[in-house]
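Chains as they are written, first to last, in my numbering: chain S, 1 to 393; chain D, 1001 to 1393. Ideal Cβ positions, reconstructed from N, Cα and C, are used throughout, including at glycine.
Number of protein chains: 2
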Amino acid sequence: MLNPENLPALQRAIADADLDGWLLFDFHGANPIAGGMLRLTGLVSRRVFAFVPREGAPVAITHAIEQGPWAHWPKSWKREVYASWRSLDEHLRTLVKGKRVAMEYSPRDDVPYLDRVPAGVLEMVRAAGAEVVSSGPLVSTFYAAWSAENVASHERASAIIAKIAEDGMRLAGQRARTPDPMTEYELMQWILARFKAAGVETDHGPNASVGANAANPHYEPTATDSKPIREGDVLLVDLWAHEPNGGLWADQTWMATVGPPSKRAQEVWEAVRDARDAAIALVTERRAAGKATLGAEVDDAARNVITQRGFGQYFTHRTGHSIDPRELHGSGPNMDNLETHEDRRLVDGVAFSIEPGIYVPGEIGVRSEVNVYLVPGKAVVTPSVIQREMFVV
Amino acid sequence: MLNPENLPALQRAIADADLDGWLLFDFHGANPIAGGMLRLTGLVSRRVFAFVPREGAPVAITHAIEQGPWAHWPKSWKREVYASWRSLDEHLRTLVKGKRVAMEYSPRDDVPYLDRVPAGVLEMVRAAGAEVVSSGPLVSTFYAAWSAENVASHERASAIIAKIAEDGMRLAGQRARTPDPMTEYELMQWILARFKAAGVETDHGPNASVGANAANPHYEPTATDSKPIREGDVLLVDLWAHEPNGGLWADQTWMATVGPPSKRAQEVWEAVRDARDAAIALVTERRAAGKATLGAEVDDAARNVITQRGFGQYFTHRTGHSIDPRELHGSGPNMDNLETHEDRRLVDGVAFSIEPGIYVPGEIGVRSEVNVYLVPGKAVVTPSVIQREMFVV
Chain S
1 MLNPENLPAL QRAIADADLD GWLLFDFHGA NPIAGGMLRL TGLVSRRVFA
51 FVPREGAPVA ITHAIEQGPW AHWPKSWKRE VYASWRSLDE HLRTLVKGKR
101 VAMEYSPRDD VPYLDRVPAG VLEMVRAAGA EVVSSGPLVS TFYAAWSAEN
151 VASHERASAI IAKIAEDGMR LAGQRARTPD PMTEYELMQW ILARFKAAGV
201 ETDHGPNASV GANAANPHYE PTATDSKPIR EGDVLLVDLW AHEPNGGLWA
251 DQTWMATVGP PSKRAQEVWE AVRDARDAAI ALVTERRAAG KATLGAEVDD
301 AARNVITQRG FGQYFTHRTG HSIDPRELHG SGPNMDNLET HEDRRLVDGV
351 AFSIEPGIYV PGEIGVRSEV NVYLVPGKAV VTPSVIQREM FVV
Chain D
1001 MLNPENLPAL QRAIADADLD GWLLFDFHGA NPIAGGMLRL TGLVSRRVFA
1051 FVPREGAPVA ITHAIEQGPW AHWPKSWKRE VYASWRSLDE HLRTLVKGKR
1101 VAMEYSPRDD VPYLDRVPAG VLEMVRAAGA EVVSSGPLVS TFYAAWSAEN
1151 VASHERASAI IAKIAEDGMR LAGQRARTPD PMTEYELMQW ILARFKAAGV
1201 ETDHGPNASV GANAANPHYE PTATDSKPIR EGDVLLVDLW AHEPNGGLWA
1251 DQTWMATVGP PSKRAQEVWE AVRDARDAAI ALVTERRAAG KATLGAEVDD
1301 AARNVITQRG FGQYFTHRTG HSIDPRELHG SGPNMDNLET HEDRRLVDGV
1351 AFSIEPGIYV PGEIGVRSEV NVYLVPGKAV VTPSVIQREM FVV
C-alpha cells in the first residue's frame, strides 16, 4: 500500500523508468493493482484516480459523496473532489497534461494480469493530454518485490511444506503395501493436518493425484471421489502454504512412484526435470552475467526441452507464475510465452514458480515445481534441496 | 443468460443494430455483462471470448485446461479450444476479421458501467481485423430489458414498499408525541420486519434519516449511532426490496415532516418534486411522440429545475440508475449527465429510478424517488400513486 514511508522508493522507481508519474485508476474493483496500492475502505462505487508524480505529493481524484474511503489518505497529500464528469476531466487534465504516465495497460493484452484499465478510460487519459505507457516495471519493482522479511518467511514455509510432501508420499507408499491403502483424499487431509500442526495456512487444496488423475491439472480429490494409492502408481503432490499474518507463499510439486518407476514414467519425469533445470539455468546464468531476462524466455527454455523430448503437446500451461507479497498468483512477471506473451523483465525482488509438466490424457501426469526469488546478482531456488529423481516409496 | 431459446431475439437485435456480431470477453470477472451472459461455473482463470454472430451458431473460445465451466454450452454451438496466445489470436482472427462487432466498450469512458474491456484487449481485437463499437444498445435491449413477468413482480414489490414507507413514517410521527420517540435505527428495523412479514427481501438498508443526517446520501443509522425522530424533523426514508427467487427490485424514497413543514423545507421539497416531475414528463412526452431520449437528457431535465431554484450545487448525484432483471443498479442506461455522460437511449423494456435530491450540508436532505419502466409507446411510473406533498405525520 502506498504511504509516506515508501513514497520515496516509488518516486525513485518512477524516475528510473523515465516517467512523470504513475496514474492509478479503479472502478468497482476492476484493477486489483490500484486496489492494493490505495486500499480504499468501504463503498467505492464511483471512478477514482490517484497520481503519484515523480516529485512532490501524490494527488487523489475522489468523488464528492465517497470521501469516507479516503480517510487514511495522508493530510499532507492532495485530494481533489469531483461530482461531475466535466470536473473529473478537468482535474485529470490539470494533473497529466503533457506528461508521460504509467497505467495498468498492456499493449495487445500481452500480459492480461497487467491489462486492467478499460479502453475508454485510456482514451479519456489520452484526451487529457497524457502519453500512457505500461506500469509493468513499476508493478514489478514496487508492488511485486519481496522484502528481506518476505524472503525469510518464504524460506521457512518452503522447508516446512517440502518435509510434509515427502513424509506424506512415503506414508502413502507404506500404506500401499497394507490391506488399507491411503486414498488421494486421505493424503490431502493428512497434509492439511500437518499444515495445521506446523502453523502454516493454505486457501484450498493441496492436490494429491495418481496416474491419469494427475493428467488433469485441475483435478482435486474429494471425500466421495478419490482413488486409492497402490503399488505401481505414479503419485503427484502439489501443495502451497504460508505462515499466518502476511507470511509469503511457498508452492511446490513433488513426484513419487509406488515401487520402481516404469521406463515410460522415468522418461516423462526426466523431460520435466530437465525442463525445470533449463529454466533455472537460464535465470541463474543471465543474472550472473548481469543480463536481462524476460518471463517469456524462461518459458521458452523449459518448453524447448519438453518439445525436444517429444512431449510438447502435453505441456499445456505456462512454466510458472509470479508470487508476490500478497498473492500466490502474483502481480509480477509470469514465466509464460504460451498462454500470454510475458514481456516483463525479471528484476530484483520478484519471485515466481517454475513448474513444467507433462500431462498425457488418460495415462500419466508429471510436474515438478520449485520457487525462485531474485536478489541482486543472484537467483535463489527453494526449497534448498530440489528433487533430482522421483521418490520411490 | 444466452441460450438457444433467446438466441433468435438477440440475433434480431444484432441485425437491427447493423452489426456482424457481439463479441463477449471476460477475464477474472472484470466484465460483469459477459459474466451474466455466459454464466460460466467454477474456476475461470484464463481469458475467454464468445462470439454471437448475426446468423448461425455462437462460437466460444475457451482455454484447454478450463473446459469444465463450459459444460452447459449447447452441443450444437461451437467451442474452440486454445492453449497458446498464438492460437487465441488465430481463433479470434478467424471469427472477427473484417467484421463490425460490439463489445463492452464506451468511448472516452462516457459510460463506465459499460466500459469493461481492457485497452489491450481492444487493441488485440482490432489487430484481428475487427471494427469495434459499443454494445450499449444490445445490453439495453437484450440484457437489461424487463419481461412481462418482471413487470408484474416489480409492480407487486412496489405497492408493498410504498405502503410500508408511509405506515412507518406515520408511526414515527405518533411516537414523536410520546416520551419514547422512535429512533432512525428503530424505524429501519421496523421496516425490515415489515419486509419479512410481506415476503420481500433486501440486500441492506433501508435508510431512515432526519434533518442534517439526510444531507449525507450514504448515511445509514446504526444501533449505536442513530437520532430520535422528533417534532419539527424532516424525515427521509429510502427503501428497496424484491420478491424472492428472481423478483424485480422496487426502489423508492419518501419524505415526511413531523408537524407542518417549515417554509424552507417546503421550498426544498417543491424543487425536488418538480425536478422529478420534469424528468418524468420528458420521458413520457418523448415516448408519446415516438422520439428517442438519452439518459443524459433526463438528468438535464431534473437538474435544470433544481438549478433554477438556486439549489444546483446541492444536487450532488445523478438523477437515476438503471434497474435490470438482476441488479438494483443495473446494466441499462442511467439518468445521468453529471457523474457520467449517459449517451444510451431509453429503449423499450429498460427501467430506472428517478430520484433527484437536494442536500444542504449540516441542515437538510430531501429526495423523492420513483421508478419508471418502458413499454412500447409508454412510460409507466411506479408506485401507482406518487408523492405530491411531504407527509405531515
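- Just checking my contact of Asn207 of chain S with Val117 of chain S at CB under 8 Å: how many whole Å lie between their CB atoms? Actually they are not in contact, since the Cβ atoms of Asn207 of chain S and Val117 of chain S sit about 34 Å apart, beyond 8 Å.
- Task: Grab me the residues of Arg47 of chain S's own chain with a C-beta within less than 6 Å of its C-beta, minus the 5 sequence neighbours each way, in chain order.
- Result: Same-chain partners within the cutoff: Phe27.
- Message: What does DSSP give as the partner residue(s) for Met1103 of chain D in the beta ladder?
- Response: DSSP output for Met1103 of chain D lists D:Ser1134 as bridge partner(s).
- Item | With 16 other Cβ atoms within 10 Å as the buried cut-off, status of Asp225 of chain S | Of the residues assessed, Asp225 of chain S falls on the exposed side of the cut-off, its CB having fewer than 16 other CB atoms within 10 angstroms.
- Got a sec: is the Cβ-Cβ distance from Met1001 of chain D to anything in chain S below 8 Å? In terms of beta-carbon proximity, Met1001 of chain D stays away from the interface with chain S, with every pair separated by 8 Å or more.
- Query: Which term fits Asn337 of chain S, buried or exposed, when burial requires 16 or more other beta carbons within 10 angstroms of its beta carbon?
  - Reply: Buried.
- Query: Could one say the Cβ of Phe49 of chain S lies closer than 8 Å to chain D's Cβ atoms, at least one of them?
  - Reply: Not a single CB atom of chain D sits nearer than 8 Å to the CB of Phe49 of chain S.
- How would you label Glu285 of chain S, buried or exposed, when you count the other beta carbons within 10 angstroms and need 16 or more for buried? So Glu285 of chain S ends up on the exposed side.
- Report the residue from S:Arg170, S:Ala351 and S:Gly332 whose alpha carbon sits nearest the alpha carbon of Glu342 of chain S. Answer by Cα proximity: S:Gly332.
- Item | Helix, strand or coil at Glu1342 of chain D according to DSSP, with G and I counted as helix | If DSSP states are grouped into helix, strand and coil, Glu1342 of chain D belongs with coil.
- Query: Under 8 Å Cβ-Cβ, which residues of chain S neighbour Pro1107 of chain D?
  - Reply: Chain S residues near Pro1107 of chain D: Gly120 and Glu123.
- Interface partners of Ala1127 of chain D on chain S, CB under 8 Å: Near Ala1127 of chain D (Cβ distances below 8 Å), the residues of chain S are Arg108.
- Where the alpha helix (DSSP H) containing Phe315 of chain S begins and where it ends: In the DSSP annotation of this structure, Phe315 of chain S is not part of any alpha helix (DSSP H), being labelled neither H nor E.
- Val101 of chain S and Asp20 of chain S look like a contact to me (Cβ under 8 Å); what is the Cβ gap, rounded to whole Å? About 6 Å separates the two Cβ atoms, so the contact holds.
- Along the chain, where does the beta strand (DSSP E) that runs through Tyr373 of chain S open and close? Where Tyr373 of chain S is concerned, the enclosing beta strand (DSSP E) stretches over Val370 to Val375.
- Query: Among all the DSSP beta bridges, which residues are the ones paired with His1242 of chain D?
  - Reply: According to DSSP, His1242 of chain D bridges with D:Glu1201.
- Show which residues of chain S have a CB atom less than 7 Å away from the CB atom of His1204 of chain D. None at all; the shortest Cβ gap to chain S is about 10 Å.
- Examine chain D for any beta-carbon lying closer than 8 Å to the beta-carbon of Glu339 of chain S, and answer yes or no. Interface residue, yes.
- Message: I need the boundaries of the beta strand (DSSP E) containing Lys378 of chain S, first residue and last residue.
- Response: For Lys378 of chain S, the uninterrupted beta strand (DSSP E) run begins and ends at Lys378 to Thr382, by DSSP.
- Consider the Cβ of Pro112 of chain S: report whether some Cβ of chain D lies at a distance smaller than 8 Å. So, interface residue.
- Item | Proximity to Glu80 of chain S [Cα-Cα], best of S:Ala50, S:Ala292 and S:Pro107 | The shortest CA-to-CA distance from Glu80 of chain S to any of S:Ala50, S:Ala292 and S:Pro107 is the one to S:Ala50.
- For my contact list, Gly1168 of chain D and Val1237 of chain D are in at a C-beta cut-off of 8 Å; report their separation, rounded to the angstrom. Yes, they are in contact, since the Cβ atoms of Gly1168 of chain D and Val1237 of chain D sit about 6 Å apart, within 8 Å.
- Query: Of the choices D:Ala1214, D:Ile1161 and D:Arg1230, whose alpha-carbon is the least far from that of Pro1179 of chain D?
  - Reply: The shortest Cα separation from Pro1179 of chain D among D:Ala1214, D:Ile1161 and D:Arg1230 belongs to D:Arg1230.
- Which residues in the same chain as Pro112 of chain S place their Cβ atom closer than 8 Å to its Cβ, once the five residues preceding and following it in sequence are excluded? If we look at Pro112 of chain S and ignore the five residues flanking it on each side, its Cβ neighbours are Ser106 and Thr340.
- Message: Taking 6 Å as the limit between beta carbons, can you name the residues of its chain near Trp1077 of chain D, skipping five residues before and five after?
- Response: Once the five neighbours on either side are set aside, the close Cβ partners of Trp1077 of chain D are Ala1057 and Pro1058.
- Taking 8 Å as the cut-off, decide whether the C-beta atoms of Val1381 of chain D and Ile1280 of chain D are in contact. Yes, the Cβ-Cβ distance between Val1381 of chain D and Ile1280 of chain D is below 8 Å.
- Item | Buried/exposed call for Glu389 of chain S, threshold 16 Cβ in 10 Å | With fewer than 16 Cβ atoms within 10 Å of its Cβ, Glu389 of chain S is classed as exposed.
- Message: So, with DSSP's three-state summary, where would you put Tyr1219 of chain D?
- Response: Coil, per DSSP.
- Task: Can you give me the Cβ contacts of Leu1095 of chain D inside the same chain, cut-off strictly under 7 Å, excluding the 5 residues immediately before and after it?
- Result: Counting only Cβ-Cβ distances below 7 Å, and skipping sequence neighbours, we find Phe1051 and Val1059.
- Closest residue to Ala1083 of chain D among D:His1063, D:Lys1097 and D:Gly1098 (Cα-Cα distance): When each option's Cα is compared against that of Ala1083 of chain D, the closest is D:His1063.
- Message: Using a Cβ-Cβ cutoff of less than 8 Å, which residues in the same chain neighbour Phe1142 of chain D once the five nearest sequence positions on both sides are dropped?
- Response: The beta carbon of Phe1142 of chain D lies closer than 8 Å to those of Asn1006, Ala1009, Leu1010 and Ala1013 in the same chain, with the five residues before and after it left out.
- Consult DSSP for Trp1402 of chain D and reduce its assignment to one of helix, strand or coil. The requested residue 1402 of chain D is not part of the displayed model; chain D covers only 1001 to 1393.
- Check whether the Cβ atoms of Thr183 of chain S and Arg367 of chain S lie closer than 8 Å to each other. Contact flag unset, no.
- Task: Spatial neighbours of His72 of chain S within its chain, please: CB distance less than 8 Å, with the 5 preceding and 5 following residues excluded, ordered by chain position.
- Result: If we look at His72 of chain S and ignore the five residues flanking it on each side, its Cβ neighbours are Arg39 and Thr41.
- Query: Interface residues of chain D around Phe27 of chain S at Cβ under 7 Å?
  - Reply: One finds Pro1112 in chain D with Cβ atoms closer than 7 Å to the Cβ of Phe27 of chain S, taken in chain order.
- What does Lys1078 of chain D pair with, by DSSP beta-bridge criteria? Under the DSSP definition of a beta bridge, Lys1078 of chain D partners with D:Val1059.
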